[in-house]
Structures are given as C-alpha cells and as structure tokens.
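Undergrad:
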Ligand SMILES: [Ca+2]
Ligand SMILES: [Ca+2]
Ligand SMILES: [Ca+2]
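In our numbering, the protein residues as written are 448 to 683.
Spelled out as structure tokens, the structure:
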C-alpha cells in the first residue's frame, strides 16, 4: 500500500521526537567527586545536587570528616582509621539521595593489588558497599590495579536505592595458604564517582491516563495515531 509522503514525514518526525524524549529521561548522571569533591574536604556532612537530585554525603563514626584528594575523590579522616584519604576500619562513607535513583556503577580509587608491609605476600584490597535495604555488595581490586596506578575500579551495582554506604576492613590478619605463615593486609579505598539515573520523570511532566508519558510504546502508538488523525481531517 502506498503511504502518502506527508504521513511518512509526520510519523518520522514523531518517532524521532519520541527517541529524543526517551533518551533524555534515560540520560545518565554522575556524582563526580574526583573533579568536583573538593568542597567536601574537612566536613562531616556535605550536601550537593546533581541534575536536580539532592545528595548528602556523610562521614562516620562521630568526629570523622570527609577528605578530598585530587585524582582520587573522597576518603575519611578519623581517629578510628589510619589513612587520611581513604575509608577503612570503622569508617563509613554514606551517600544519600533525596529520591530513589538507579545506580549503574561506582568508581573506586586507591583500591590496589599490593604487597603486604611485613611479608612478600601480595593481595587484592577489598571492601563492601551497603544499600538502603541492607543489601551488601563486595568490593575487590583486580590484578590490573597495582600500586603505581591510582587503583581505579568501575564496579557495576545496577540497583535502585536511596543510599549507598562504603566501608573496608582496614588492617586484616591473613594466613598464607601456600606456606602457612601469617601476614598483614591493609584494606582501604576512596570513592571517585557514582553513575546513576533518575527513576522518576522530571517534575511538571503530565501523566497520561495515569501512566508516564515516557513509555516508548505509548509514544509510538500515540504518535502514529495523531499523524493519521490529522491526515484524516485534512482528507475530509
Ligand atoms: Ca581513613
Ligand atoms: Ca592498603
Ligand atoms: Ca588502598
């Protein structure tokens, strides 16, 4: 069946508009503490905003403060830890969002494949993150992150949450399974970035029949329907 050129163009424009609308909602946001975290330096609580999402970053335990280092991002300084620019021991760095966000990944730094201070044992630094619902995820360096790099790891999270907290065990005694001798690890890292997506449409966007207007299928069907309606009106 031949489709008139004008209808083809209308549908094409609407589909392109739909793709633009959907991609704008899916646009990824980044809390970049490597380049933009210096204002948090020395604070127990730092509040900021990224793409209209309010964000609060806190240092624990009591008396702890956030620290910023160029190229690495945020760590914690406290009497409970030993590295002024990393998170370890009883220190916890928590990032809270004022609305649910989908965290796709986090970028960690100073997370090394390193050698014990007291023996020749090499180990992968490790830690944990904890989401608002209590879910715990493991963090571990890769062999491709030796000391001499800045120990950067991009870790997939892929979960919707309102907060994420970071911690690392700090000094840890381990047993070398090869020779049976004890050695000491010091596990700690810094927070570089959090990549996330908003999960709610921007305020002021109307709902259509109780559904978000950003559903791709709804937009496609609605667009074609609108184009055909205008075509029929002109034909009549
Ligand atoms: Ca520390
Ligand atoms: Ca270490
Ligand atoms: Ca470290």
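Think of the CB as a built atom: it goes at the ideal place given N, C-alpha and C, for glycine as much as any other residue.
The structure displayed is predicted, hence computed values, not measured ones.
#1: Do residue 515 and ligand 1 come close, with the Cβ less than 7 Å from some heavy atom?
#2: How about residue 567: is its Cβ closer than 7 Å to a heavy atom in ligand 1?
#3: So, helix, strand or coil for residue 661, using DSSP?
#4: What residue range is occupied by the uninterrupted alpha helix (DSSP H) comprising residue 480?
#5: Just to confirm the assignment, what range does the beta strand (DSSP E) spanning residue 560 have?
#6: Where does residue 507 sit, in a helix, a strand or coil, going by DSSP?
#7: If you follow the beta strand (DSSP E) that residue 642 is in, where does it begin and where does it stop?
#8: To the nearest angstrom, how far is the alpha carbon of residue 662 from that of residue 647?
#9: Please identify the residue among 494, 636, 640, 487 whose C-alpha is closest to the C-alpha of residue 559.
#10: Please give the ranges of any beta strand (DSSP E) in the segment 515-561, keeping only runs that are unbroken, at least 3 residues long and fully inside the region.
#11: Would you call residue 530 buried or exposed, if buried means 16 or more other Cβ atoms sit within 10 Å of its Cβ?
#12: How would you label residue 622, buried or exposed, when you count the other beta carbons within 10 angstroms and need 16 or more for buried?
#13: Keeping to the same chain, check which residues put their C-beta closer than 8 Å to that of residue 603; ignore five residues upstream and five downstream.
#14: Could I get the ranges of all uninterrupted beta strand (DSSP E) runs contained in the segment 580-625, with 3 residues as the minimum, in chain order?
#15: Please report how far the alpha carbon of residue 513 lies from the alpha carbon of residue 544, in whole angstroms.
#16: Restricting to Cα atoms, I'd like to know which of 645, 572, 585 is closest to residue 617.
#17: CA-CA distance, residue 497 and residue 482?
#18: If you follow the beta strand (DSSP E) that residue 565 is in, where does it begin and where does it stop?
#19: Between which residues of its own chain and residue 523 is the CB-CB distance below 6 Å, once the five residues before and five after are set aside?
#20: Report the residue from 478, 542, 536, 518 whose alpha carbon sits nearest the alpha carbon of residue 491.
#21: At a cut-off of 7 Å, is residue 559 close to ligand 2 when judged by its beta-carbon and the heavy atoms of the ligand?
#22: Have a look at 592, 587, 619, 627 and flag the residue whose alpha-carbon is nearest the alpha-carbon of residue 613.
#23: With a threshold of 7 Å, establish whether the CB of residue 617 neighbours any heavy atom of ligand 4.
TA: Result, derived from the coordinates:
#1: One-based indexing of the chain shown puts residue 515 at position 68. Because no heavy atom of ligand 1 lies under 7 Å away, the Cβ of residue 515 does not count as near it: no.
#2: As a working note, residue 567 is residue 120 in the chain shown. Not so, every heavy atom of ligand 1 lies at least 7 Å from the Cβ.
#3: Indexing the chain shown from 1 puts residue 661 at position 214. Summary for residue 661: the model assigns pLDDT 44, below 50, so the residue's position carries little reliability, and this model does not support an answer.
#4: Counted from its first residue, the chain shown places residue 480 at position 33. Secondary structure note for residue 480: its alpha helix (DSSP H) is the uninterrupted segment 480-483.
#5: Along the chain shown, read from residue 1 onward, the residue named residue 560 stands at position 113. Where residue 560 is concerned, the enclosing beta strand (DSSP E) stretches over 560-562.
#6: Reading the chain shown from its first residue, position 60 is the one you call residue 507. Strand at residue 507.
#7: Against the chain shown, residue 642 aligns to sequence position 195. That run of the beta strand (DSSP E) goes 637-645.
#8: Here residue 662 is taken as the residue at index 215 of the chain shown, counted from 1. Here residue 647 is taken as the residue at index 200 of the chain shown, counted from 1. For residue 662, the pLDDT reaches just 43, beneath the cut-off of 50, and the residue's location in the model is therefore unreliable, leaving the point undetermined.
#9: By one-based count along the chain shown, residue 559 stands at place 112. Minimum Cα distance to residue 559 is reached at 636.
#10: Entirely contained in the segment 515-561, the beta strand (DSSP E) runs reaching 3 residues are, in chain order, 520-524, 539-556.
#11: On the chain shown, position 83 is the one that residue 530 refers to. Buried, by the Cβ-count rule.
#12: Here residue 622 corresponds to residue number 175 of the chain shown, with the count starting at 1. With fewer than 16 other Cβ atoms from the protein chains shown falling within 10 Å of its own Cβ, residue 622 counts as exposed.
#13: Your numbering for residue 603 matches position 156 in the chain shown. Excluding five sequence positions before and after residue 603, the CB atoms of its chain that fall closer than 8 Å to its own CB belong to 551, 552, given in chain order.
#14: Annotation: the segment 580-625 contains the following complete segments of the beta strand (DSSP E) (minimum length 3 residues), in chain order: 583-587, 600-614, 617-622.
#15: Taking the first residue of the chain shown as position 1, residue 513 is located at position 66. Taking the first residue of the chain shown as position 1, residue 544 is located at position 97. About 17 Å.
#16: The count along the chain shown starts at 1 and reaches residue 617 at position 170. The shortest C-alpha separation from residue 617 is found at 572.
#17: As a position in the chain shown, residue 497 is number 50, starting the count at 1. As a position in the chain shown, residue 482 is number 35, starting the count at 1. So the alpha carbons of these two residues sit roughly 13 Å apart.
#18: On the chain shown, position 118 is the one that residue 565 refers to. Here residue 565 belongs to no beta strand (DSSP E), and DSSP marks it neither H nor E.
#19: Here the question's residue 523 lines up with position 76 in the chain shown. Around residue 523: 506, 511, 534, 538, 540.
#20: For the purposes of this step, residue 491 is identified with residue 44 of the chain shown, where counting begins at 1. Ranking 478, 542, 536, 518 by Cα distance to residue 491 puts 542 first.
#21: Here residue 559 refers to the residue found at position 112 of the chain shown. Relative to the non-hydrogen atoms of ligand 2, the Cβ of residue 559 comes within a distance shorter than 7 Å of at least one.
#22: By 1-based counting over the chain shown, the position of residue 613 is 166. Checking every option, the nearest Cα to that of residue 613 belongs to 587.
#23: Within the structure as shown, ligand 4 is missing, the only ligands being ligand 1, ligand 2 and ligand 3.
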